[in-house]
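These protein sequence lines are chains A and B, in that order. For what it's worth, my numbering labels the leading residue of the first sequence as 91, then goes sequentially. For what it's worth, my numbering labels the leading residue of the second sequence as 5, then goes sequentially. All C-beta atoms, glycine included, are put in the ideal place defined by N, C-alpha and C. All values derive from a computational prediction rather than experimental measurement. What follows is one structure encoded as structure tokens, with my remarks underneath.
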Amino acid sequence: MQKRILLAGVFLFIPIVSLAALRPVFTLSSGFANANMRSSTSINFGSFQNSYVGGSHSDTDFDSGLFLGGEALLLQNWSGQIGLSYFQNSPFVESGTVYQFSDPAFNNLNYQYQIISRRISIDAKLLYAFCQIWHPYLAVSLGEAFNKAYNYTETPASTADVSLTPPFGNHTTNAFSYSLGLGIDLDITNHWRLGLGYRFVDLGSASLGVTPSQIGTHTISNTPIYVNEVLLRISFLG
Amino acid sequence: MNKYFKTLSGLMLSMISVNSFSDTPIFLITSNTKITPQLVQGQSGTAIYQVINNSNRILNNIVLTHLPAGITQVSNPGPDYCNNLTALNSPGSLCLIELHFDSYVNSSLNGGPIICTAGNLLCSQPYQSDQLLTQVTPGPVAQTCTGNENNFSYELTQPFDSGTIDPGTIYSWGPARNQLFLSPSNPNLTVCPTEDPSNSNAINWMRSRLIAAESFWVSQKLNYCHHHVTDFYTPITSYGSPRSAIGTSDGGYCSNATSLAPANYGQQIRWNYSGTGSETVNTWVNQNRMWYGVDCSDFTSFVYNFSFGIQFNSDTGYQAGQSNVGHAQDFLLPNTQTSGSILGIPTYSTPANDPAGLLLCKDGSVETRSGSPNDYCGGGSNPNPSLNGYFSVFLNDQPPTSDSHFPVNTPSNITPAMLNLLKPGDLLYLAFPPGSGKGDGNNPTSVVTHVITWTGQKVGYGPDDINPTQIAPESICPTNWQPQVGDWVIIDSHYQGPDYRDFTSCFYQNNIWGVRRVIGYMHS
């Protein structure tokens, strides 16, 4: 499904940017990204099982990306942008507690791993011209996220506890991703535009690799990661 | 005054600062006897740990892992030791493990031991304060006596226990002690002790070693228990009774820290416990820490055995010299001896039944029985009731009293100047006047109820002093135990176990039954 959307977008994008009325647009974006994280699972080690409980929590990092597309006038004072974008966040940190024997009394270890999401999407934006230089907008994107979970570590809850060896491996999960956003752009010159916007992004899920010690392939995974972002943009329009 | 206040404040804060951890290690590993913190390359070392299966589950394939090269588990025939960790399979099961640090190891120890189950996937180690931590310094091992005053490596490799539970009393004091021996080679310490009081070098070596041994055991933070040895714990059920119900005069009794007077101190755990790691209320009360320890006279007999292999009776009255046949001399005092009833001296026919050395006279000399006019502290060939020649607050003329524990003390018979005549290692035996309500101890018959060791040290901040923070509280004179710079310091086991304590007149000085000197007057 995600691949079909992506391909359709590419085929739409090429003829659009070839239209003479289209102004090419190149945008750099960066800002704060606050991700809601939650992971929970039980893993079978044969003679016992452990539970891994990362309660719902948030982690704030940076998200940055670029957009390449075109802008066309749709109606008086209304214009639209469409194009492709690539975004990548600085690593979100997922953490939780290991319940040995799946018994909350044996909360002897804390775990942590990192998630980087790299995303390619088709972005569309509807802008309104206000006082000629202000452009409030609504935006939407659909695409594919490549969510890498890696660098799993355990920290003993006290000096009497000892971590599991070897740890869970790294793993990249492909997931459907979408975003919805709004904001405002401001024309600085005829070719440069500054913007500030809010965006909600669904990154999809992420999961770690397995450890050689476990039975089966079921591993620690995150429920869909939702991100609230505030992004500063600078665009060049041809 | 300011220092005194700070010391007290620190003590009180340490008592009420009790933190807790929420984790539950799968194996609770606590040190019973810590390895010496510093070893010279070539010396061997020993550490004893108690391990409990804390998982509430049956565990299999339990192993000691990640032991540094040269550290091995060694077998010990004593009770409670497990040479095979299958003894830990059942939930709640417990055993002691003895680790030996081989003499060829040249790297320092830091961490562990780690015990794992389920293919090394579930592991625990002691809390940090209990983990192995020993610095190994370059050799060679000193071969002189003075270079080995506090070297107990060889003693620690020897099993303390006979392996036989002593059934001699209600419940049990646990296994009898084994005789321990001084290192015969590398270094040879068997040549260091002396029985010649004029051999001042050897006498000083023995005094230093005895105090070092007591200091070593003080640092292990044992409790006061009716046991003969330091590595035996009172079983949860002892001779059919829960251990918490054992009477205060019976074998296996351990000081109940949750209800000990003085109530205003209110400590539920040993007074110098940190409240964190393995030094928590739970570890103390429920995980056997409070069930390890020795009583006063077992402590003195154990440390003389540990220091030199010297044996004497572990019963307070018999150790003081009263006859161990029946109870004929239970009320006998040094100054009430007569030609028909004299206190004992070592005979070595059954060394473990001997009294400890010889009694001390008021002038600091040791009593003789050689036919001299000075025998019996001036009594001539027989004890002379007209003299008050022994180092004791109890005179020969005892006032009549209906209390069978009759001695009435005369504190003025021991002056501050006389205390300067005492030497490190001297054993001071205490008895209490009728109606005092103090110091009855665990001995239901003899008037001698307590024994303490003279350290020759004072409270202070100098290199040879005992810092006030090391002075333990005690329950007999709760308003007098607080240390003040310049006070004499003794070591004894009562209240919460072997500790340095302030030599108060209230508890100690005013109740001295007699003093016995072992060093220079006994051999192993």
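Going by Cα to Cα distance, which pick from the options is closest to residue i?
| i | options | result |
| --- | --- | --- |
| B/Asp-27 | B/Thr-238, B/Thr-280, B/Asp-319 | B/Thr-280 |
| B/Val-3 | B/Leu-193, B/Arg-211, B/Thr-34 | Missing from the structure shown is residue 3 of chain B; chain B here goes from 5 to 528 and no further. |
| B/Thr-284 | B/Phe-105, B/Pro-477, B/Ser-133 | B/Ser-133 |
| A/Ile-223 | A/Arg-283, A/Phe-138, A/Gly-328, A/Leu-272 | A/Arg-283 |
| B/Pro-130 | B/Gly-382, B/Gly-244, B/Asp-496, B/Val-55 | B/Val-55 |
| B/Pro-472 | B/Asp-506, B/Ser-79, B/Ile-480, B/Gln-333 | B/Asp-506 |
| A/Leu-165 | A/Asp-277, A/Ala-219, A/Tyr-316 | A/Ala-219 |
| A/Arg-128 | A/Ser-185, A/Asp-151, A/Asp-277, A/Leu-174 | A/Ser-185 |
| B/Trp-221 | B/Trp-288, B/Val-44, B/Thr-304 | B/Thr-304 |
| A/Ile-333 | A/Arg-323, A/Gly-259, A/Ile-206 | With chain A represented from 91 up to 328, any question about residue 333 of chain A goes unanswered, as that position is not in the structure. |
| B/Ile-197 | B/Ser-343, B/Phe-164, B/Tyr-308, B/Gly-321 | First, the amino acid is wrong: residue 197 of chain B is Pro here, not Ile. Of B/Ser-343, B/Phe-164, B/Tyr-308, B/Gly-321, the residue nearest in Cα terms is B/Tyr-308. |
| B/Gln-486 | B/Gly-466, B/Ser-416, B/Phe-511, B/Pro-467 | B/Phe-511 |
| A/Pro-181 | A/Ala-162, A/Asn-124, A/Cys-221 | A/Asn-124 |
| B/Leu-337 | B/Thr-90, B/Ser-278, B/Asn-292, B/Phe-436 | B/Phe-436 |
| B/Tyr-53 | B/Thr-34, B/Ala-146, B/Gln-45, B/Asp-401 | B/Thr-34 |
| B/Leu-100 | B/Leu-92, B/Asp-407, B/Cys-86 | B/Cys-86 |
| B/Pro-389 | B/Thr-90, B/Ala-146, B/Gly-344, B/Ser-253 | B/Gly-344 |
| A/Ser-120 | A/Pro-114, A/Asn-140, A/Ser-137, A/Asp-151 | A/Asp-151 |
| A/Leu-293 | A/Gly-299, A/Ser-248, A/Phe-236 | A/Phe-236 |
| A/Val-300 | A/Leu-327, A/His-281, A/Phe-258, A/Leu-276 | A/Phe-258 |
Could you name the residues of chain B that residue i contacts, counting a contact when the two beta carbons are closer than 8 angstroms?
| i | result |
| --- | --- |
| A/Gln-202 | The contacting residues do not exist; A/Gln-202 stays about 17 angstroms from chain B at best. |
Would you mind stating whether residue i and residue j have Cβ atoms separated by less than 9 angstroms?
| i | j | result |
| --- | --- | --- |
| A/Val-188 | A/Tyr-203 | no |
| B/Gly-178 | B/Asn-227 | no |
| B/Ser-318 | B/Arg-181 | yes |
| A/Ser-267 | A/Ser-211 | yes |
| A/Leu-296 | A/Thr-263 | The amino acid at residue 296 of chain A is misidentified as Leu; the sequence shows Ala. Yes. Within cutoff. |
| B/Tyr-242 | B/Ser-176 | The sequence shown places Ser at residue 242 of chain B, rather than the Tyr named in the question. Taking 9 angstroms as the Cβ cut-off, B/Ser-242 and B/Ser-176 qualify as a contacting pair. |
| B/Thr-321 | B/Thr-449 | In the sequence as displayed, the identity of residue 321 of chain B is Gly instead of Thr. Their beta carbons are under 9 angstroms apart, which means B/Gly-321 touches B/Thr-449 by this criterion. |
| B/Asn-392 | B/Asn-424 | no |
| B/Asn-57 | B/Ala-122 | no |
| B/Arg-247 | B/Thr-238 | yes |
| B/Ile-119 | B/Val-78 | no |
| A/Ser-175 | A/Leu-216 | no |
| A/Ser-325 | A/Gly-285 | yes |
| A/Gly-144 | A/Ser-130 | yes |
| A/Phe-135 | A/Ile-315 | no |
| B/Thr-459 | B/Ile-470 | yes |
| B/Leu-43 | B/Pro-72 | no |
| B/Thr-161 | B/Thr-50 | yes |
| B/Pro-191 | B/Asn-154 | no |
| A/Gly-155 | A/Arg-113 | no |
| B/Thr-138 | B/Ile-39 | yes |
Applying a beta-carbon distance threshold of less than 8 angstroms, which residues of chain A neighbour residue i?
| i | result |
| --- | --- |
| B/Ala-122 | Phe-135, Gly-136, Ser-137, Phe-138 |
| B/Thr-241 | Near B/Thr-241 there are no residues of chain A at all, since even the closest Cβ is about 25 angstroms away, more than 8 angstroms. |
| B/Thr-28 | Ala-195, Phe-196, Asn-197, Asn-198 |
Whose Cβ in chain A lies nearer than 9 angstroms to the Cβ of residue i?
| i | result |
| --- | --- |
| B/Pro-130 | Thr-249, Ala-250 |
By the criterion of Cβ-Cβ separation under 7 angstroms, what are the contact partners of residue i in chain A?
| i | result |
| --- | --- |
| B/Cys-127 | Val-252 |
| B/Gly-279 | Simply none; closest approach about 14 angstroms. |
| B/Ile-118 | Val-252 |
| B/Arg-61 | Phe-191 |
Establish whether the CB of residue i and some CB of chain E are separated by less than 9 angstroms.
| i | result |
| --- | --- |
| B/Ser-406 | Reference to chain E is not applicable here, since the protein chains of this structure are A and B. |
*Those runs of the alpha helix (DSSP H) which lie wholly inside the segment 218-300 of chain B and span at least 4 residues*: Restricted to the segment 218-300 of chain B, the alpha helix (DSSP H) segments that are unbroken, complete and at least 4 residues in length are 285-290, listed in chain order.
_Proximal residues, the segment 244-272 of chain A versus chain B, C-beta separation under 9 angstroms_ = For the segment 244-272 of chain A, the residues whose beta carbon sits under 9 angstroms from a beta carbon of chain B are, in order, Pro-246, Ala-247, Ser-248, Thr-249, Ala-250, Asp-251, Val-252, Ser-253, Leu-254, Thr-255.
*the segment 270-303 of chain A: which residues have C-beta closer than 8 angstroms to a C-beta of chain B, in chain order?*
Within the segment 270-303 of chain A, the qualifying residues are Ser-303.
*Determine which residues of the segment 188-215 of chain A have a Cβ less than 9 angstroms from any Cβ of chain B, and write them out in chain order.*
Answer set for the segment 188-215 of chain A: Gln-190, Phe-191, Asp-193, Ala-195, Phe-196, Asn-197, Asn-198, Leu-199.
*asked:* Restricting to runs no shorter than 3 residues, where is the beta strand (DSSP E) found entirely within the segment 75-121 of chain B?
replied: The segment 75-121 of chain B is shown to contain whole beta strand (DSSP E) runs of 3 or more residues at 75-78, 98-105, 118-121, in chain order.
*What residues from the segment 483-507 of chain B come within 9 angstroms of chain A, judged by C-beta to C-beta, listed N to C?*
Shown here is that no member of the segment 483-507 of chain B has a Cβ falling below 9 angstroms from a Cβ of chain A.
*Would you mind listing the beta strand (DSSP E) stretches within the segment 446-528 of chain B that are 3+ residues and don't spill past its ends, in chain order?*
Runs found: 454-462, 492-498, 501-506, 516-521.
*Where in the segment 154-203 of chain B do unbroken runs of the alpha helix (DSSP H), each at least 4 residues long, occur, reported from the N-terminal end onward?*
With a minimum length of 4 residues, the continuous alpha helix (DSSP H) runs that stay inside the segment 154-203 of chain B are 157-160.
*Could you give the uninterrupted runs of the beta strand (DSSP E) lying entirely in the segment 155-242 of chain A, keeping only those of 3 residues or more?*
168-179, 182-189, 199-218, all fully within the segment 155-242 of chain A.
*Run through the segment 280-310 of chain A for me and flag every whole beta strand (DSSP E) of 3 or more residues, listed as ranges in chain order.*
Note on the segment 280-310 of chain A: whole beta strand (DSSP E) runs with a minimum of 3 residues are 282-292, in chain order.
*Length-filtered (4 minimum) alpha helix (DSSP H) runs lying within the segment 414-442 of chain B*: List check, alpha helix (DSSP H) in window: 420-423.
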